[in-house]
Structures are given as structure tokens and as C-alpha cells.
Amino acid sequence: MKKKLLYVLYMLCGVLCNACEESSEESFVVPSLEVDSKSMYFGEEADTKEIEVTSNVEWVAAVDASGRSWCHMTVEQGKMIVRVDENTDKDMRRASIEISASELRKTIEVAQLGWGKAILVSPKDANVEAIGGNLTFEVTANIEYAIRLEDGCNWVHLSPQTRGAHDMVTNVVSFKIDMNEGEVRATTIWVTDKDEDSEIEPVPFKVNQKKLGDTYESTGMEGLKEDIKVLVSRAEANKQQSTNEGAAKMIDGDMKTIYHSPYNNNEVTEQSPAILTYYFDSAVDMDYLLYYPRADGGTNGVFKEVEVKVLSNANARGVEEWQIVATKNLNGSTSASRIDFPVSQIGVTAVQVVVKSGVNELASCAEMEFYKKNPDHFDYATLFTDASCSQLKAGVTEQDIQNCTYSFFKNIAYFMYHRKYPQEFRIAEFKAYPHPSIQQKINKTGAYSLMDNPAGIYVTQGQELVVLVADTHGETITLRVQNLDVPGGNGYGGDSYPLTTGINKLKMRNKGLVYVMYHTQTLEEVDRKLPVKIHFASGQVNGYFDSQKHEASRWNELLNSTVCGYFDVLGKYAHLTFPVNRFRTHTGSRGKELIDLYDKFVEGEQIFLGLKKYGGMFQNRLYFHVVYTTGAMYAADNHTYYPDDNMPALCDPTLLSTTSCWGPAHEVGHVNQTRPGLKWVGTTEVTNNIMSQYIQTVVLNNASRLQTDGCYPKAWSSIIASKHSHLLETDFFFKLVPFWQLQLYFGKVKGLTPTEANGWDGFYPQVYEYIRKNPDLSTDSERQLEFAYICSKIAKMNLTSFFTKWGFLAAARMTVDDYGTKEVVITQEQVDAVKARIKDLGYPELGVNIEYITDNNVDEFEHPQSVKVGTATRKGGTITLNGWANVLVFEVMDGDKVVYVADGVKQVAGFTVTGWKDSYKVFALSAKERMEVILK
């Protein structure tokens, strides 16, 4: 959300001003309204002063009736300009300006001296922080005046200034306030006429000072000077989609609107870049720019390679010319980026950002801002060892701290000196993580988390967050502030803020938890990158629990110390951000147990994928967070998310390890689906469940969902008996059966599963690795057929019969609905070709009826036994069995076609076939045998 608006005021009904921002029902903005002064005082002459108004919602302002004839308002470049006419009367006159934003109100007092003697003081009082520091107020007077302290006040020190009688001057009077280690105290400073016979009453200025407590609170941020924003007068683009997504959207102060290059037939390339030009009303100086990518969750057009040029006459010839000052690859990052110029640019009249590449060969931008560094910055070396201000220099004394004129840093130093500064979470070193897109590409999966570096800091909307950063070693570091508290919505993502070495004073556009974004562009860089020390000197500590850092016993302490409604929980492989009240209610004191379970899900699936065996374990965690949308759990790049009504099951370790394990294992499976080789059309909700089954049955030792839901016999009837293509089956669980049967036989029976084969090897790990290492095939039909070849190659068995029965090797032309329809054609020529390739491998036929293996009959395959023959009678379509044993299934055949399959374990007493024909025959099958059943 945007915070500061460039307001346009309109004169209505005398003096009425209005500033608007398009409201959005989806924004859930907490209204804010700030003005930089509560009063404006003028001498008797006509004069003009300005005041800044900051809000994030529509606001209006009006001068009261008493002042409309002499007090006027306009707006220039975001400043509200107040102009007063000359006051020819003797007496002072007063007016007020009321500013309203939603239910918020601010009143500015306006006063103007007449030609008679008078004194005005602005403001009228001040609350001083306990740490002390500098304090000022303005005196507007047309007399010679004096500053008087109360008797006995020895903690306020001032340097009064005076002017001659009737010489109207607005004078800033400065004070130094001592640190207060005692009780709360107050005093009054008096501004008096030096004329002892004056009838003018002394004007008071009241000072109240807190006492220093034992707990650190950030104070004095108003004394930290921000860099100076350089305002852009207009922007142009050589290519844009439309006026609604035109160049002007980059300088409108609204993060929700964007510039976008044309979508069709106008790619952004080095040969045809998007050239974005920003103009300034006059020659200006600047040091860096800030690029804010689109904040709507999309990535189209996010900048990659850019070149920055400035138009300036700061050269030997004194003529304006373009000069390249920076080139940078922003790598398509969705975080805000800062581009520093190598030297300060002088007399700039225009800047060009030449976008040579962007995501999907497009260019987009939410906002582009330009800044000049403020030279009035605190020198950290006076008290601290480095720019993070996280440790006092050796030899620093309390007097050195007292002498510091920056109360913000004086306060930090005081608490550090007295060993009272809260180091945990406020000061930390943050390591680099590989950008998740790297291993996404290598492993052919979805992308893991971007949020591996939680800070444990919470901020509120409109708050100024001061972040002190040590040497960044030239790396791009940004903050992301994420607010999951979005009723009816998904709060993933949030606002981003670039960081630089030194002082970063950031105005928060929204509330939320803070994360550090520090990513490399290659895996090789990760170990070489140095950690960056960051000090969050303001904001509130919310903390987090990290099972790799914190003892289990700290769970309750950390959870109970939270200041917002959400809490980050980190494991080695998983990262949760769930509501605090859900953890308290459903997790209790079992936080370590809970995150260990999520680690099991993520680690278990990675091992099953073969990533441990082949050295590809993800270096990012997998991210789980709450949402307040209705509907199902969901997986997307960089995160998986879960509606709040699922939280009772997902936060209870007992439920999560048993009846509720499927949901998160399923979503993690979506991220881990190897694509496109094991995620062809029709399998989006199928092949992820190979991993769900593995977590449920092997990792957690629970009953199989395929078994308990009765999926095996239904799948036999629906696919094998129907002899249709596997692609035509619409039930996800029926389609899952053959994939899981491969794991049951080659994994469980043959011991080729990670739990049996040294903890990381196995049939499926090798299948996944083959798909990763070999080129992707171009069509879905090829991918399905190739899977049969890959499995035969890895198993060292000819599996043609198995895949034929399950419909993988069947010619077909069909339209498949898988989150959108797609036509798939498998020709007989293709089927014959892959069968020939399998045969050419030279492996033997399997000779085992694995199309009938289930979770319940695995023992029959581990220790095959001959069918024990019993009796069978038929009456109509009902077959009654007696005395049969060691039978997996009973097949009902019509010639060479299977028309019905009965479970030999569950239906051992008999079964019924609708529409019985005299040509039907019944066969009993064990793991290796197949014999006809003689019906009587």
C-alpha cells in the first residue's frame, strides 16, 4: 500500500482542499494521518510557509470561517502551502485548518502577529525521551525577548537568541536535555519581553521527560535524517501496453498501479529494449535510484538486465549529453532493488533506465524513485565498531555516550554500555541462500522458499523501522514485510525495501513480520558469500523458534513473548508461519515435535526423489503458511498455504502424524513433482500422491489411503477390466494405483526403497534421477510412454505387460481435463516403438502379477505360495467360493479380455458379476500363478 501521496488540493467553498486515492475493498488499510507541525505562526507581513501531510486514504482539509478571508492554501509537489495576507491591524489574528482522513482528525493552529507587540511559541510543549538529546522550538516575536528557566532546573541547557523591538523574526531556540536516570520530571521554559514594564504575559513552553527504565525502547528517530527524494516531473516509455499501464504509473506514488510493456509481438530484448525516461523540472543532484517491481504477485516484466544513463551538463564541454552510469542484472527479483551510482551525479535533467531483459521478455515497474544522500548522518565510528552499531568500541565511556548529539544512537549505546540491550533477534548475522529458482531448474520441480531468513521483528503500518547494516560486501540485500492477517485473503509476499550499508530509515507501508532476502544466483556462490550483520534498532521483537538453534524447552517462552498474531517456526527443511493462538491451543508445548514432523515430510519426499543419493537436496526450506480464503490447501512456487480452518489438524502433532498427514504431504508433493517427465497432462493430482503415500505409509507407518478407501479393486475394474487408456481415467486415486504398485513391489518387496536401501537409494530415487538427467520430451504422449521405458530400465525387467494392463501403452486420441483441457494423441506406431525399445533392453519378463499387489498382500509377493484350490459354484452372476487360499484376485475373463476383478483377500467368500455370459471364465491368481476356477 502506498503511504505518502502527492496531494492535489482544490479550492472549494472559500478554502477547501481534497486529496484522493482510489480505495480498494481488498486492501484492508488502517487509516493513518500525519502532519509535520501542529501550528504555523506568521509575522504581520504577508508570508508563505509549507507543511507536509501524509496519509494513506482520502483526506480533506479546510480553513475555518474566521480565517478564510486572509489565510489561503495551495499545493506544490506534495507540500501544502499556507499563505497569509498582510495584517494591518494591531492585534494578532488566529485561524485553524482541520484535516480529516476517514475517522482521523488533525488541527493546525494558524496565528499572525499584528503591528502590536506579541510573542508566539510553537509548539507549546514537548515530551522528551529519557535518554535526553536536543530540543528546539520556534519563537515568533516582534520584540526583544529573553529565555528564562525555572529556578533549580539544572537538566535543561539553552542558548537564547534575541532580536530588536518590532523586528519580526521567527527564531529557532535550541536546548540540550540531559539523560534522566531518576524519576519522571517536568519544567517550564518562559519566553518573556525584555521590557520590564511590558504588558505582554510571558509565554510558557512546557517540557516533560520520562525516566530511563530497564527495558530498551527505540527513541529519537526524528533526529535521523532521511535521504532526499528527487521528484520526477514526468516519465516516458518507448513502448507500453496502454495508457492504463503507461509510463506515468511509475511515478504516481501508487504501488498497485504498474507500467507494462506491450504483451504481444514486442519483446524486450537487448536489441529492442524498453527505454524508460524520467524528467526533472530543473537540474538536480542524485546518488541512487530505487526500482519497485510489481506487487500484485505476478512476475511478468520484472527487470533483469538494465543500463542506467543520466543527462547532464557536468562535463568538460558544459553541454548536456547522455552518459552511462550503471549496469546491473536484477535477475528478475520481485524484491525492491537499489542501484547506486559510482559517484554523485550533478546537474541531472533526465535519467534513462534501459531494460534489456525482463521476465518472459517483458518489462514492468510499480514505482521508480531517485534519491540524493543526506550528508547529515551519524558517524558510527564515534561509538560503535561497525555500521550495524551492534557493539561499542573498546574504551567508550558513559561521558562519551552523554556527549552524543543523536539521541537515537545515544539510547542504544547507553543500554549496551549497561549490558541491558536486547541482542537476541534485534542483532543477527544473516547467511546467503541460493535463489530457489536455481534448484527448481536443476531438480525439475517447483520452487522452494524465499523466506528462509526471518528476522523475528514485527512492524506496524506507518511505523519508521531503523535498520543498521554492516558491510554488505557489495551484495543485494532487501527486507520483505509480510502481513498474513488478511481476512478472506492470502497475505503471502508483502512489501519490499532495499537495504544498504549504514542507516536505513524505512517507512512501513503495511504491518507485518520482517524477513531478510539475501540470495545468490548460483549454488557455488553460497559457501563463498559472507554473512551480513543486521541490527533492527526499532520495531518490536516477535521472535521465532528454530529447531536447529533453540532448545525444545524454549518453545513456550518464545511463543508467549510474541507481540503479533503470527509466529515463524523453522526446522532444517520446513518453515511454518501459523497463528499464535493456533499454536497455543493445538500444539501446546510440543513445538519441537511439530516442526520435526514437517521436517520429516519434506526430507522424506526429497530422499524419495533421490536427492540425497545424488546430491541434490534443496538448500532452501519449504514454506507453509496460513491463509483466510475458503477452499482447499494449495501449493505454488515458493510456498504452500492452508486455510485457517485446517489449523487444528495441522498444529496438533498427534493428528498431523496420523489422520491429518495427507494434506501437507500432498501439497509438498505438488512442489516436488518432477516436471514434465513425471507430471504429464492428467497427472497433476496423481503423481504428487506417490509421495503422499510414501510419507503416510513408510515414513509415518500409517495405513495406506489406497487400501482403506478401497481403491485397488475399483481401479482394477475401472482401468484393467475396461482396457482403456490410463489417460481416460478421471479418478485421481484409481490412476495412482499403478504408480504406487511399482513402489510396493520394487521398493518394499525387493528392498529398493530408501528405508531399506541404505537410507537414500531405491527404485523411485533412480527413476526420478533418470528423468532429471535426461532431456525433457516435448509431448504428453511421449512422456507417458517413456515412463514405461524408464521403469523397465531401472527395474532391469521388461514391464510391458504391467503397463499395457494399466493402459499406459494404448493408442488413443482424447481430450484430457487437467486444470484446463488438452488434446492428447498416442498412436499405435508410438506404442510399438516404445515396446521395441523396452524389448531391446534385453531384460526378462517380470513373471509376477504385480498389477494386483496391494498394501495388504505384500507378504504374498515376498513369500509366494501356490494357490490352495477350493470349490466354486455359480448361480446366475453370483460366484460362491469355499476353501480357497493364497489367492490375490479372481479374474473374470471373456476370451482375452478382463471383465471383472475380485479381491481374493477381501472377497474370498465370493462375488457377483452383473450380466454374466456363458463365455465368461474365472481364474485365480497368486503372485506367480494363474489357474482356471472350475465352476459348478
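Numbered according to mature numbering (1 follows the signal peptide of the UniProt record, and there is no 0), the sequence shown spans residues -19 to -1, 1 to 917.
Cβ coordinates follow ideal geometry from the N, Cα and C atoms, glycine included.
Every value quoted in this text rests on a predicted model; they were computed, and no experiment measured them.
Query raised in the report: LYS803 bridges to which residues according to DSSP?
Result: Looking at the DSSP output, LYS803 sits in a beta bridge with VAL797.
Report task. Jot down the residue ranges of each uninterrupted alpha helix (DSSP H) in the region 808 to 866, minimum 4 residues, whole runs only, in chain order. Result -> The region 808 to 866 contains these whole alpha helix (DSSP H) runs: 809 to 821 and 839 to 843.
**Report entry** Residue range of the unbroken alpha helix (DSSP H) whose run includes GLN380
**Finding:** According to the DSSP assignment, GLN380 belongs to the alpha helix (DSSP H) that extends over 379 to 384.
Query - THR121, DSSP secondary structure in three states - result: DSSP, reduced to helix, strand and coil, places THR121 within a strand of the structure shown.
Report task. Thinking LEU790 and LEU766 are a contact (beta carbons under 8 Å), I'd like their distance in whole angstroms, please. Result -> Contact flag correct, Cβ pair sits at about 7 Å.
Query raised in the report: Given 8 Å as the limit, is there contact between the region 342 to 351 and the region 240 to 247, that is, 3 or more CB pairs closer than that?
Result: Contact holds: three or more Cβ-Cβ distances are below 8 Å.
Report task. Compare the beta carbon distance of GLU832 and LYS786 with 7 Å and say whether it is the shorter of the two. Result -> It is a contact, given that the beta carbons lie within the stated cut-off.
Report task. Kindly indicate which three-state DSSP category GLU3 falls into: helix, strand or coil? Result -> Model confidence at GLU3 stands at a pLDDT of 33, short of 50, so the residue's coordinates are unreliable and nothing is read from them.
Query - Euclidean distance between Cα positions of PHE186 and THR621 - result: The alpha-carbon separation between PHE186 and THR621 amounts to approximately 57 Å.
Query - Whole-angstrom distance between LEU906 and THR861, CA atom to CA atom - result: Rounded to whole angstroms, THR861 and LEU906 show a C-alpha spacing of 17 Å.
Query raised in the report: Where does GLY145 fall in DSSP's three states?
Result: Residue placement at GLY145 is flagged as unreliable, the pLDDT there being 45, under the threshold of 50; the coordinate-derived value follows with that caveat. GLY145 falls in the coil class under three-state DSSP.
**Report entry** Beta-bridge pairing of MET61 - partner residues as DSSP gives them
**Finding:** Looking at the DSSP output, MET61 bridges to ILE32 and VAL56.
Report task. Pull up the distance between the alpha-carbon of PHE9 and that of VAL467, whole angstroms please. Result -> Low per-residue confidence applies at PHE9: pLDDT is 49, beneath 50, and the placement is therefore not dependable enough to give any value.
Requested in this report: Could you tell me the boundaries of the alpha helix (DSSP H) in which ASP577 lies?
Outcome: Annotation for ASP577: the continuous alpha helix (DSSP H) segment containing it runs 572 to 589.
Query - Which listed residue (ASN779, ASN294, GLU810 and GLU804) has its alpha carbon closest to that of LEU822 - result: When only C-alpha atoms are compared, the closest one is ASN779.
Query raised in the report: Hey, LYS581 and PRO746 are a contact pair by Cβ (cut 8 Å); roughly how many whole angstroms apart?
Result: Actually they are not in contact, since the Cβ atoms of LYS581 and PRO746 sit about 17 Å apart, beyond 8 Å.
Report task. Return the chain-ordered list of same chain residues with a C-beta closer than 8 Å to the C-beta of ILE382, the five sequence neighbours on each side being excluded. Result -> Answer for ILE382: LEU364, LYS391, ALA394, TYR395 and TYR398, listed in chain order.
**Report entry** Under the three-state DSSP convention, the category ALA617 falls into
**Finding:** ALA617 falls in the strand class under three-state DSSP.
Query raised in the report: Taking the alpha carbon of GLU67 as the point to measure from, which residue in SER77, ASN601, GLY48 and VAL550 has its own alpha carbon closest?
Result: It is GLY48.
Query raised in the report: How would you label GLU182, buried or exposed, when you count the other beta carbons within 10 angstroms and need 16 or more for buried?
Result: Exposed, by the Cβ-count rule.
**Report entry** Rounded distance between the beta-carbons of TYR269 and PHE284, thought under 8 Å
**Finding:** No, PHE284 and TYR269 are not in contact; Cβ-Cβ is about 15 Å, not under 8 Å.
Report task. Examine the Cβ distances between the region 419 to 439 and the region 583 to 602 and report whether three or more of them are shorter than 8 Å. Result -> Segments in contact, yes.
Query raised in the report: Buried or exposed: where does LEU311 fall if 16 or more other Cβ atoms within 10 Å of its Cβ makes it buried?
Result: Classification of LEU311: buried, given that the 10 Å Cβ count is 16 or more.
Query raised in the report: For GLU138, which option in THR151, VAL188 and SER103 has the closest C-alpha, if you only look at C-alpha atoms?
Result: The sequence given here has His at residue 138, not Glu. Closest by alpha carbon: VAL188.
Query raised in the report: Quick one: any contact between the region 710 to 727 and the region 805 to 822, if contact means 3 or more CB pairs under 8 Å?
Result: Segments in contact, no.
Query raised in the report: With a Cβ-Cβ cutoff of 7 Å, do ALA702 and VAL882 count as a contact?
Result: For ALA702 and VAL882, yes; Cβs fall inside 7 Å.
Query - Same chain only: Cβ atoms within 7 Å of LYS902, ignoring 5 sequence neighbours per side - result: For LYS902, where only same-chain residues beyond five positions count, the Cβ hits under 7 Å are MET874 and GLU913.
**Report entry** Neighbourhood of CYS642 by C-beta distance below 7 Å, restricted to the same chain and skipping five residues each side
**Finding:** Excluding the 5 residues flanking it on each side, CYS642 has same chain C-beta neighbours closer than 7 Å at ILE676, GLN677, LEU681 and ASN683, in chain order.
Requested in this report: Using only alpha-carbon positions, find the residue among LYS660, LEU94, PHE406 and MET498 that is nearest to THR69.
Outcome: Comparing alpha-carbon positions, the option among LYS660, LEU94, PHE406 and MET498 lying closest to THR69 turns out to be LEU94.
Report task. Could you say which of ARG565, LYS573, ALA617 and SER699 lies nearest to THR665 if we only look at CA atoms? Result -> For THR665, the closest of ARG565, LYS573, ALA617 and SER699 by C-alpha to C-alpha distance is ALA617.
Query raised in the report: Residues in its own chain within less than 7 Å of ASP208 by CB, not counting five upstream and five downstream?
Result: Around ASP208, the same chain offers TYR352, LYS353, LYS354 and ASN355 as residues with beta carbons nearer than 7 Å, after the five sequence neighbours per side are excluded.
**Report entry** 6 Å CB neighbourhood of VAL184 in its chain, flanking five on each side removed
**Finding:** Closer than 6 Å at Cβ, skipping near neighbours: ILE100, VAL102 and VAL172.
Requested in this report: Go through its chain and collect everything with a Cβ distance to VAL335's Cβ below 6 Å, but skip five positions before and after it.
Outcome: Within the same chain, PRO254, ILE256 and GLU288 come within 6 Å of VAL335 by CB-CB distance, once the 5 residues on both sides are set aside.
Report task. Determine the DSSP secondary structure at MET202, reduced to helix, strand or coil. Result -> When secondary structure is reduced to three states using DSSP, MET202 falls in the helix class.
Report task. Along the beta strand (DSSP E) that carries TRP303, what are the first and last residues, could you check? Result -> Residues 302 to 310.
**Report entry** N-terminal and C-terminal residue of the alpha helix (DSSP H) that LYS391 is part of
**Finding:** Note, LYS391: alpha helix (DSSP H), 388 to 398.
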